[in-house]
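K.L.:
Pasting a structure here, questions to come.
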Amino acid sequence: MRRGPRRYPRCVPARRLRPAAGDFLQGRGVSGTILAAVSPDWVIGRDGGIPWHYSGDLLRFKRLTLGHTIIMGRRTWESLPRKPLPGRRNLVLTSRPLDGVECFATLAEAVAATEGELFFIGGARLYTEALGCADCIDLVLVPDAVPVEGSVLFPRIPNGWVAGAVEPHPDEPALRLQRWRRG
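Note that the working numbering has the sequence shown beginning at 3, numbered continuously upward.
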């Protein structure tokens with residue numbers, strides 16, 4: 003017969019536990035950056051595409067990501083005018099296989115298959131997940147006013163991130179850049 007409650011359980015149910023921030027990347031020699039362009043109201047997409055076009059920002063995106071791994075959601079993949087993006091390893095998160103690209107069911111699986119520097123390039127669901135493991139958020143601040151209703155929004159940045167100074171975009175005078183780091 004047992005006397006009183008057991009002080010220390012032998013195991014702890016992990017149903018509601020989440021990995022700590024950065025767990026996917028820590029100790030693996032992998033660095034993850036979220037790349038996104040956002041309107042003043044945090045819009046990132048509308049009608050299956052990006053609601054603005056800035057050639058200078060596309061050049062910067064190419065310069066940053068060439069030779070590295072990019073991870074995106076299925077809808078972002080489908081919105082690309084040219085598939086796969088050349089000169090980069092393209093990974094897509096999706097529950098169904100797609101032709102011509104490496105597919106993964108979870109972000110953890112995709113990250114486990116990478117080395118070196120990687121970039122999370124959208125959409126909103128991927129950004130939400132990547133906020134838990136990325137080292138940096140690299141935002142392009144777009145001045146264009148886009149209706150919020152019916153648009154895709156960048157997720158709320160949780161506590162623990164520190165915003166850097168807003169700086170001019172090197173290739174596009176109308177745009178600004180802001181980098182966020184874990185605090």
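Virtual Cβ for every residue (Gly too), placed ideally from N, Cα, C.
Check whether the region 45 to 64 and the region 143 to 152 are in contact - that is, three or more C-beta pairs closer than 8 Å.
P.N.:
Cβ pair count under 8 Å is three or more, so yes.
K.L.:
Just checking, does the region 36 to 46 make contact with the region 155 to 172 on the three C-beta pairs under 8 Å criterion?
P.N.:
Yes, the region 36 to 46 touches the region 155 to 172.
K.L.:
Going by DSSP, name the residue or residues bridged to C135.
P.N.:
Here residue 135 refers to the residue found at position 133 of the sequence shown. According to DSSP, which records beta bridges pairwise, C135 is partnered with nothing at all.
K.L.:
By the DSSP assignment, the alpha helix (DSSP H) with E80 in it spans what residues?
P.N.:
For the purposes of this step, residue 80 is identified with residue 78 of the sequence shown, where counting begins at 1. Segment 76 to 81, the alpha helix (DSSP H) holding E80.
K.L.:
Between which residues of its own chain and W182 is the CB-CB distance below 6 Å, once the five residues before and five after are set aside?
P.N.:
Locating residue 182 in the sequence shown gives position 180, where the first residue counts as 1. The answer, listed in chain order, is I139, W163, A165.
K.L.:
Output the distance between the C-alpha atoms of S97 and V103, rounded to the nearest integer angstrom.
P.N.:
Reading the sequence shown from its first residue, position 95 is the one you call residue 97. Reading the sequence shown from its first residue, position 101 is the one you call residue 103. Approximately 13 Å, taken between the alpha carbons.
K.L.:
Identify which residue in V94, L66, E151 has its Cα closest to the Cα of A112.
P.N.:
The residue labelled residue 112 in the question sits at position 110 within the sequence shown. Of the listed residues, the one whose Cα sits closest to A112 is V94.
K.L.:
Inspect the beta-carbon positions of I123 and L37 and report whether they are closer than 9 Å.
P.N.:
Counting from one through the sequence shown, the residue named residue 123 turns up at place 121. Counting from one through the sequence shown, the residue named residue 37 turns up at place 35. In contact: I123 and L37 (Cβ atoms closer than 9 Å).
K.L.:
Starting from T35 and walking both ways along the alpha helix (DSSP H), at which residues does that stretch end?
P.N.:
Counting from 1 along the sequence shown, the entry for residue 35 is found at position 33. T35 -> not in any alpha helix (DSSP H); beta strand (DSSP E) instead, spanning 32 to 40.
K.L.:
Find out if the Cβ-Cβ distance for the pair T116, R90 is shorter than 9 Å.
P.N.:
Taking the sequence shown and counting its residues from 1, one reaches residue 116 at position 114. Taking the sequence shown and counting its residues from 1, one reaches residue 90 at position 88. Going by C-beta atoms, T116 is not nearer than 9 Å to R90.
K.L.:
Give every residue of the same chain whose Cβ lies closer than 6 Å to the Cβ of D173, excluding the five residues on either side of it in the sequence, and list them in chain order.
P.N.:
Within the sequence shown, the letter at position 171 stands for residue 173. So the qualifying residues of the chain are G58, L61, R62.
K.L.:
At the level of alpha carbons, what is the spacing between N161 and D137?
P.N.:
Taking the first residue of the sequence shown as position 1, residue 161 is located at position 159. Taking the first residue of the sequence shown as position 1, residue 137 is located at position 135. Cα to Cα, N161 sits roughly 14 Å from D137.
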